[in-house]
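Report on one structure; see the data block that follows.
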Amino acid sequence: MRFAKTLSAAFFGFLAGGSAYAQEEALTSDLPVIGIPQPGGIAFQPASTSVAHDIHFLDNMLLVIITLIVLFVTALLVVVAIKFRASKGHEAARFTHNTTVEIAWTIVPVVILVIIGAFSLPKLFDQLEVPEADVTIKATGYQWYWGHEYPDSGVYFESYMLAEEDLAEYGYGPETYLLATDTAVVVPVGAVVKLQTTAADVIHSWKIPAFGVHIDAVPGRLNETWFRVDEPGIYFGQCSELCGISHTYMPITVKAVPQDEYDAWLAAAVERYADGGAPVTQVAAAE
């Protein structure tokens, strides 16, 4: 019964979004698509927030450290295999300890961990300490769609994955199938956005790779993080916590726009919601 209600809500959400085609396309057509997976890609998406830049830096630093360790261990194995090879029946050398080696393999890992901690812990705390926010967004996970609320403005809408045949009408290309939604989260470039997450049924996770944001949405709990987008664009993400049969079809679309365009979008969203002239699922983009 619950599954049928969810499918029904998604179906009527698609129908209700019809009059929002032109508005969504107008905002989408002027923005570059930045945060999107690439076929065969093995690297991160371009970093578009300070948090993402920090994550990329830490990843690159750790990659250098682990590469040096792997090369050292590999070289040591090769040297030992060659230097200490012997014929069958040869009596191996016997020793119980080596003080110098034991001190080295204790101190060196400690130093490496201290260096990693010195760089990583401040970045972790930066993500947890939310600065004074310019915009607050509350994301609620449902099986299997997202509800987004702007508490300071009284705006709430639900975001459903677009059907493949609807992408062009909303201004998206075919490569955004399974990523684009009928309504998008809109944020101003350069503004501090406080993101709150929760869930109505099971655990979900709100993730935008280009932002370096990955935060669980847990029923009965309100989690918080923040981000500040550096450049205008369209960014895609997904629910990243296995949440049921349609987990795959729970994308997130975020559009970062200049402040004046955000103000226009928010004014239109508030008016549309307050007037009751359109369902909340139609709150899309500024004209």
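Residues -22 to -1, 1 to 265 in mature numbering (1 follows the signal peptide of the UniProt record, and there is no 0) are what the sequence shown spells out, letter by letter.
No residue lacks a Cβ here, since even glycine has one placed at the ideal position from N, Cα and C.
Mapping the DSSP letters down to three states, classify VAL180 as helix, strand or coil. On the sequence shown, residue 180 is found 202 positions in, with the first residue counted as 1. Three-state DSSP puts VAL180 in coil, outside helix and strand.
In the DSSP assignment, find the unbroken alpha helix (DSSP H) run with HIS31 in it and report its ends. Position 53 of the sequence shown, counted from the first residue, corresponds to residue 31. If you look at HIS31, you'll find it in the alpha helix (DSSP H) that goes 28 to 61.
When DSSP labels each residue in this structure, what does TRP122 get in the three-state scheme? Walking along the sequence shown from the start, residue 122 turns up at place 144. Here TRP122 carries a coil assignment [DSSP, helix/strand/coil].
Quick check on the DSSP output: the alpha helix (DSSP H) that includes PHE103 runs from which residue to which? One-based indexing of the sequence shown puts residue 103 at position 125. First-last of the alpha helix (DSSP H) with PHE103: 77 to 106.
Straight-line CA distance for THR203 to ILE93? Translated into the one-based positions of the sequence shown, residue 203 becomes position 225. Translated into the one-based positions of the sequence shown, residue 93 becomes position 115. If you take the alpha carbons of THR203 and ILE93, they lie about 25 Å apart.
Test item: CB-CB of ASP160 and TYR148 under 8 Å: Here the question's residue 160 lines up with position 182 in the sequence shown. Here the question's residue 148 lines up with position 170 in the sequence shown. By the CB criterion at 8 Å, ASP160 and TYR148 fall inside the cutoff.
Closest by C-alpha distance to TYR134, when choosing among SER183, VAL207, LEU244: Counting from 1 along the sequence shown, the entry for residue 134 is found at position 156. Checking every option, the nearest Cα to that of TYR134 belongs to LEU244.
At a cut of 8 Å, does the stretch 178 to 194 reach the stretch 23 to 31 through at least three beta carbon pairs? Contact check between the stretch 178 to 194 and the stretch 23 to 31: three or more CB pairs, one atom from each, fall below 8 Å, which counts as touching.
Closest Cα partner of GLY211 within the set GLY18, PRO17, GLN23: Counted from its first residue, the sequence shown places residue 211 at position 233. From the listed residues GLY18, PRO17, GLN23, the smallest Cα separation to GLY211 is found for GLN23.
With a threshold of 16 other CB atoms inside 10 Å of the CB of ALA247, please say whether the residue is buried or exposed. Counting from one through the sequence shown, the residue named residue 247 turns up at place 269. The Cβ neighbour count for ALA247, taken over all protein chains shown within 10 Å, is at least 16; the residue is labelled buried.
In this structure, what does DSSP give as the bridge partners for LEU173? Working through the sequence shown from its first residue, we reach residue 173 at position 195. Beta-bridge pairing links LEU173 to ILE115, THR203.
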